[in-house]
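Inspection log for the structure reproduced underneath, given as structure tokens.
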């Protein structure tokens, strides 16, 4: 089980409380597909991903980004049992979606950049630490049931 | 990973806009890296890594200068950073995984202070550039 200090929990909650899940989720997924274009391999049915503009405006990307970040919110609500929280999603990503877990790490790093751009100086080094730890734990949990 | 002409333009654009703050950004990049990835501190046992450390500021200035040099010679990063590449291979031997961590923190610093510069396209170009720099610095490791 991961240990979270009181300060880490507070930093995570305080950032999450101000996040627009719809906006940040869409932006994070879009940036993933733009910055690491090989990740588009999982979204061949999303329609037009031919340019950054197309990706940013793509309604399927926006909807899926929102879905992904909403799910991420479950980790924030269940910091003491992230593995359990994502157990089924982990199986899904392995057995049905066939996603290399490295992609969870890539998305996590992108989410950090999105948060940094939204929160500016408020996204302090301590904040970044707590959030990089969180995205790392989420990535690990999503990979945990892989076989 | 090849930098396209557009990537080069994007990277040069970023550095032209931030060059006035380069030293501060270098120091903050290191501060964030030491805080976010404590294992990176193992390369600096001889440093005072406390907040406001003069050593971290000075080293941040060096890191920033190297990135600027690479951006100014973006058509030949390997040539521009050849001596630094030798240094990292022969003396410093920083594990290659750490360049990605530094790169992530540099992106965070740019995002925090200049979100409007870091459009998705520029983000992609800058990420590629930072990867290329890391590759050059570890190229002679073995």
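Protein chains in written order, with our numbering: chain P, 1 to 147; chain A, 1 to 142. The beta-carbon is built from N, C-alpha and C at its ideal position, and this holds for glycine as well. The model shown is predicted, which means the values in this text are computed figures rather than measured ones.
Between residue 85 of chain P and residue 101 of chain P, the alpha-carbon positions lie close to 17 Å from each other. In its chain, beyond the 5 residues on either side, 54, 58 have a beta carbon closer than 7 Å to the beta carbon of residue 48 of chain P. Rounded to whole angstroms, the Cβ separation of residue 127 of chain P and residue 11 of chain P is 5 Å, and the two are in contact under 8 Å. Within chain A, the residues placing a beta-carbon under 9 Å from that of residue 31 of chain P are 120, 123, 124, ordered along the chain. Judged by pairs of C-beta atoms under 8 Å, the region 65-82 of chain A touches the region 129-141 of chain A, as three or more such pairs exist. Closest by C-alpha distance to residue 32 of chain P, out of A:97, A:30, A:121, A:88, is A:121. Taking the beta carbon of residue 127 of chain A as reference, the chain P residues within 7 Å of it are 35, listed in sequence order. The three-state reading of DSSP puts residue 43 of chain P in coil, since its state is none of H, G, I, E or B. DSSP places residue 109 of chain P within a helical segment (H, G or I) once states are collapsed to three. Counting other Cβ atoms within 10 Å of its Cβ, residue 141 of chain P reaches 16 or more and is therefore classed as buried.
Identification of chain A residues near residue 120 of chain P by a Cβ-Cβ cut-off of 9 Å yields 111, 112, 113, 115, ordered along the chain. Annotation: Cβ neighbours of residue 108 of chain A in chain P (cutoff 8 Å, chain order): 112, 113, 116, 123, 128.
Going by DSSP, residue 99 of chain A is part of the alpha helix (DSSP H) stretching over 97-113. The region 108-124 of chain A and the region 78-96 of chain A do not touch, with fewer than three beta-carbon pairs separated by less than 8 Å.
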